[in-house]
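This report concerns only the one structure given below.
Protein chains: 2
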Amino acid sequence: MEQYSSKLLANAVEQFATLPGIGKRTAMRLALYLLKQEKQDINQFSDAFIKLRNEIQYCSECYNISEEPICTICNNPARDENIICVVEDIRDVMAIENTSQYKGKYHVLGGIISPMDGIGPSDLTIEELVNRVSSSKVDEIIMALSTTMEGDTTNFYIFKRLKEFNLNISTIARGVSIGDELEYTDELTLGRSLINRVPYENTLAR
Amino acid sequence: MEQYSSKLLANAVEQFATLPGIGKRTAMRLALYLLKQEKQDINQFSDAFIKLRNEIQYCSECYNISEEPICTICNNPARDENIICVVEDIRDVMAIENTSQYKGKYHVLGGIISPMDGIGPSDLTIEELVNRVSSSKVDEIIMALSTTMEGDTTNFYIFKRLKEFNLNISTIARGVSIGDELEYTDELTLGRSLINRVPYENTLAR
C-alpha cells in the first residue's frame, strides 16, 4: 500500500489516517468511498467539520458545547444550581442526561489529567471550576469521571483544590466496573451509581 | 446518545456516520477529536477531500487515478501493452504492483457488477475496455477480480463481451480463497495466482 498513483489521494488517505482508530487501510477505503460521492455531498461533508471547529461555542458557565453563550442546562431554572456534576467531556453529559437520575448542573473538564498524554490540570477547566464554586452557592460536587487511573488522579487533584470550600464532595458509586470507560456504561448502572454516590474520603480507603 | 447540545456537533457526527463502517458512536468520538485540533489542521483535513473530489483525474486509457491525462503505468514503455489486467478498483492495482509479478497494463472497472447494490455493466468502464481492445494490439486479458459471486458475474459478462475478439482471456489462479476480497490477499498468494492464471473456460467447469 506504499505507492499511490496520485498525491491528492495520498493526501486524503493521510488526513483520514490522522483520526484516532483509523489505520491506513481504512483511510484508503474511506477516501475511495468519497471519490464515488457527488461533489456537493463532499462539500457538505467537509464543511461540517470546518463549521464545527470555527463556529462551536462553549457554555461560559459549565463548558458544555452550546449554541448560546449559556447552555440550555445552565439556563434551565428547574435544574438545581447547588449541585455540580464534574465530567470529562460532553459525551458524559449526554450519558448522564439519558439516565434521568440527575437534576443538577454540570462542569465539563474538557479532558482528564493524563501525564502520559501530556495533559495537566492547566489544560482542563479546573481553575474555572474553582472560580465557579467560590462565587456561587454550590454546596455539593459530584465527581463523575471514568474509574481509571487518570480519573482517580483527576478526582484527587480536584478534591485537593476544593477542600478549602465548605462542600459536600462525592464520587459516583463504584458500581461502574473499575477500568471501564464511563460512556460505555449502561444507563441502569450509571443511574444507580449516581444515587449511591459516596463521600470522596471513603474511596481513598480501599 | 440521542440528544446533542449543538446542531453543529450533530451535523458533524451525522457526516462522519455516512462513511462506510463508521457508526454513530465512532462518529461522535471522531467529531470530538476534531474539536480539539487546531483550526488550521481542520481546514487541511477538510480541504483534502474537496480537492480529492474536484481535482482528481483518471487515466484516459486505463481509468486508474492519475495526476496526468495518461497514468505513469500506461505511459511506461517498459510495460507490455499486449496484456491488460482487469481490476475492480485502484486498490487492486496497488496490490498487484506490490507483488512485482506483473509487467503488463491495467484496466480499472471502477466497481463490480452487483445488482444488489444497483451497479450494472453501464456503471463500469466495460464499454471503454471493449473499445480499447478493439483499437489496439492487446492479445491477452487477465481478469483479476475478487473471487465472489459479483466477481464471477463480472468475469462472465466481460468474457461474453470480448469473445468476438481474438484474445487469450484468463483469470488469476484460484489460489485466492473463494469468498475473499482481493485487496486483503497476501502478496505471495496474489503473485502466485497471477503466474498460475488459467483460461476462463476452465473456471466455468467447476
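Going down the list, the protein sequences come from chains V and R.
Under the working numbering, the residue at position 150 of the first sequence is numbered 150, and the numbers go up by one with no gaps.
Here the working numbering runs 1000 ahead of the position in the second sequence, where the first position is 1.
All residues carry an ideal CB built from backbone N, CA and C; glycine is no exception.
Note that the coordinates shown come from a computational prediction; the quantities given were computed from them, not determined experimentally.
Query	Result
Partner residues on chain V for Pro1020 (chain R), Cβ-Cβ distance less than 8 Å	Arg29, Leu30, Tyr33
Val87 (chain V) CB to nearest heavy atom of the ligand SAH below 7 Å	Only the bare structure without any ligand can be found here, which leaves the ligand SAH out of the picture.
Top-ranked residue by Cα proximity to Arg197 (chain V), from V:Asp186, V:Leu145, V:Lys160, V:Thr153	V:Leu145
Start-end ranges of the beta strand (DSSP E) lying completely within the region 69-95 of chain V, minimum 3 residues	80-87
Element boundaries [beta strand (DSSP E), containing Lys7 (chain V)]	Premise fails: Lys7 (chain V) lies in the alpha helix (DSSP H), 7-17, not in any beta strand (DSSP E).
First through last residue of the alpha helix (DSSP H) which encompasses Val130 (chain V)	126-134
Boundaries (first-last residue) of the alpha helix (DSSP H) holding Met1149 (chain R)	1149-1162
Nearest candidate by alpha-carbon position, reference Tyr1102 (chain R), set R:Ile1090, R:Ile1119, R:Leu1009, R:Ile1084	R:Ile1084
Chain-ordered neighbours of Gln1044 (chain R) on chain V, where CB pairs are closer than 8 Å	Gln15
For Gln1101 (chain R), the residue or residues it bridges with in DSSP	Its beta-bridge partners do not exist; DSSP assigns none.
For Pro1115 (chain R), three-class secondary structure by DSSP	helix
Proximity test, Cβ basis, 8 Å: Leu1052 (chain R) and chain A	Protein chains V and R are contained in the structure displayed, whereas chain A is not.
Cα-Cα separation between Asn1168 (chain R) and Leu1124 (chain R), rounded to whole angstroms	22 Å
Tyr184 (chain V) (DSSP reduced to helix, strand or coil)	helix
Glu1201 (chain R) (DSSP reduced to helix, strand or coil)	helix
For Asn1166 (chain R), three-class secondary structure by DSSP	coil
Glu155 (chain V) versus Ile142 (chain V) - alpha carbon distance	What sits at residue 155 (chain V) in the sequence shown is Asn, not Glu. Going from the Cα of Asn155 (chain V) to the Cα of Ile142 (chain V) covers about 10 Å.
Burial state of Leu52 (chain V), where buried means 16 or more other Cβ atoms lie within 10 Å	buried
Val1108 (chain R) beta carbon less than 8 Å from that of Asn955 (chain R)	Because chain R in this structure spans residues 1001 to 1206, residue 955 (chain R) falls outside the shown range and cannot be described.
CB of Phe16 (chain V) within 8 Å of CB of Ala31 (chain V), strictly	yes
Interface partners of Ala12 (chain V) on chain R, CB under 7 Å	Ala1048, Phe1049, Leu1052
Unbroken beta strand (DSSP E) run spanning Ile142 (chain V), endpoints	140-143
CB contact check: Ile195 (chain V) to chain R, cutoff 8 Å	no
Within-8 Å CB hit, Glu1164 (chain R) to chain V	no
Residues bridged to Gln1057 (chain R) (per DSSP)	R:Ser1066
Test: Ile1056 (chain R) CB closer than 8 Å to a CB of chain V	yes
Proximity below 8 Å, CB of Ile1126 (chain R) to CB of Ile1119 (chain R)	no
Paired residues, beta bridge with Thr171 (chain V) - DSSP	V:Met143, V:Val198
Supposed close pair Pro1020 (chain R), Arg29 (chain V) - CB separation, criterion 8 Å	7 Å
8 Å Cβ cutoff, Arg79 (chain V) in contact with chain R	no
Interface positions of the region 1064-1075 of chain R facing chain V (Cβ-Cβ less than 9 Å), listed along the chain	Asn1064, Ile1065, Ser1066, Glu1067, Cys1071, Thr1072, Ile1073
Top-ranked residue by Cα proximity to Lys1163 (chain R), from R:Arg1025, R:Pro1199, R:Cys1062	R:Pro1199
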